[in-house]
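Here is the structure we will look at.
Protein chains in written order, with our numbering: chain S, 1 to 112; chain H, 113 to 224.
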C-alpha cells in the first residue's frame, strides 16, 4: 500500500523567512496531493493541493511543487508569520480520494 | 455553506464501555471518512462510507464500526473501549467525483 514520509518533523523559522516541508510517496498510482494545516484544538484545514498533471501551484504565500519521477512533493511558505505556526500534514491519494494516506506531520513554529 | 460538524466535541468514558460519535457532512457531500489521530500514530484511516455503504476500511479491529444514513450523516461506534482508544476522532466529507476531503473539528475521546 501507499506510504507517505514527511520531513522535517519539527521546523522553527524566524518571522519573514521561508519554510519548506518535503514529502515522499511510494505508490506511483497516487495522483492527488493535498496539504493540511492543523491548529491546536481544530481539525485539519486544506490549504493547497496539487494533482499529478501539474508540476507547481501557488496561492499567495503558499506554493506546492510535485516531482512525479522522484515521487516527492513539497510545501513552500514564504514571508512566514506567527499565525503560520501549526502542524502541517501532507497526503497522497488516488481514485478520487478513496485511499488517503497522510504523512506524520511537521510542527512549524514561526518565531517573532 | 456549513462545514462538517461532529458531536460531541469531548467525551470521557471508562474501559469496557462503548461510545457512538456522530458526523454531519457538508450539504451535498455523500462520502464520509473517519480517522483516528494520536500523537504516536498520526492520522490513521478507519473507514469510508458512500451512499450508506462502506467503501473502504482501514486496519482497525472489529470493535470499530460505522454506518451512514440516507441523509449522509454518519456515526462510528467503538465497543469495549480500551485505554489506547483515547484519541481525536476526525470525520471528513467529500463531494462526489472530487478528490478533496474537508475535515470537521473532531471528537476528543478520553478513556479512563
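Virtual Cβ for every residue (Gly too), placed ideally from N, Cα, C.
Does residue i pass the burial test, meaning 16 or more other C-beta atoms within 10 Å, or should it be called exposed?
i, result
"residue 155 of chain H", "buried"
"residue 54 of chain S", "exposed"
"residue 169 of chain H", "exposed"
"residue 204 of chain H", "buried"
"residue 89 of chain S", "buried"
"residue 21 of chain S", "buried"
"residue 196 of chain H", "exposed"
"residue 58 of chain S", "exposed"
"residue 124 of chain H", "exposed"
"residue 151 of chain H", "exposed"
"residue 32 of chain S", "buried"
"residue 84 of chain H", "Residue numbering for chain H in the displayed model covers 113 to 224; residue 84 of chain H lies beyond these limits and cannot be assessed."
"residue 145 of chain H", "buried"
"residue 143 of chain H", "buried"
Quick one: list the residues of chain S neighbouring residue i, beta-carbon separation under 9 Å, in chain order.
i, result
"residue 217 of chain H", "41, 42, 43"
What do you reckon, are the CB atoms on residue i and residue j nearer than 9 Å?
i, j, result
"residue 39 of chain S", "residue 86 of chain S", "yes"
"residue 43 of chain S", "residue 176 of chain H", "no"
"residue 8 of chain S", "residue 106 of chain S", "yes"
"residue 200 of chain H", "residue 129 of chain H", "no"
"residue 185 of chain H", "residue 217 of chain H", "no"
"residue 179 of chain H", "residue 160 of chain H", "no"
"residue 18 of chain S", "residue 52 of chain S", "no"
"residue 108 of chain S", "residue 84 of chain S", "yes"
"residue 75 of chain S", "residue 62 of chain S", "yes"
"residue 162 of chain H", "residue 100 of chain S", "no"
Bridge partners of residue i, per DSSP?
i, result
"residue 94 of chain S", "Answer is none; residue 94 of chain S lacks a bridge partner."
"residue 53 of chain S", "Note: residue 53 of chain S sits in no beta bridge, so no partner."
"residue 34 of chain S", "S:49"
"residue 194 of chain H", "Answer by DSSP bridge pairing: none, since residue 194 of chain H is not bridged."
"residue 72 of chain S", "S:24, S:67"
"residue 89 of chain H", "Absent from the model: residue 89 of chain H. The displayed extent of chain H is 113 to 224, so no value can be given."
"residue 19 of chain S", "S:77"
"residue 168 of chain H", "H:160"
Which chain S residues are close to residue i, counting only those with a beta carbon under 7 Å from its beta carbon?
i, result
"residue 140 of chain H", "Correct list: empty, because the minimum Cβ distance to chain S is about 15 Å."
"residue 134 of chain H", "Within chain S, no residue comes near residue 134 of chain H; the closest Cβ sits about 15 Å away, beyond 7 Å."
Just to check my reading of the structure: residue i and residue j have Cβ atoms closer than 8 Å, yes? What is that Cβ distance to the nearest angstrom?
i, j, result
"residue 148 of chain H", "residue 134 of chain H", "With a Cβ gap of about 16 Å, residue 148 of chain H and residue 134 of chain H do not count as contacting."
"residue 50 of chain S", "residue 64 of chain S", "5 Å"
"residue 25 of chain S", "residue 2 of chain S", "6 Å"
"residue 221 of chain H", "residue 131 of chain H", "6 Å"
"residue 81 of chain S", "residue 15 of chain S", "6 Å"
"residue 223 of chain H", "residue 126 of chain H", "7 Å"
What residues of chain H sit near residue i, judged by a beta carbon separation below 8 Å?
i, result
"residue 9 of chain S", "Within 8 Å Cβ-Cβ: nothing; residue 9 of chain S doesn't reach chain H, min ~11 Å."
"residue 49 of chain S", "211, 212"
"residue 82 of chain S", "Correct list: empty, because the minimum Cβ distance to chain H is about 22 Å."
I want to verify the contact list: residues of chain H whose CB lies under 7 Å from the CB of residue i, in sequence order.
i, result
"residue 102 of chain S", "154, 155"
"residue 93 of chain S", "211"
"residue 55 of chain S", "The contacting residues do not exist; residue 55 of chain S stays about 17 Å from chain H at best."
Applying a beta-carbon distance threshold of less than 8 Å, which residues of chain S neighbour residue i?
i, result
"residue 202 of chain H", "43, 44"
"residue 145 of chain H", "100"
Residues of chain H with a CB under 9 Å from the CB of residue i: which are they?
i, result
"residue 89 of chain S", "154, 155"
"residue 34 of chain S", "211, 212, 213"
Query raised in the report: Name the residues in the region 16 to 32 of chain S whose C-beta lies less than 9 Å from a C-beta of chain A; which are they?
Result: Absence of chain A from the displayed structure is noted, the protein chains being S and H.
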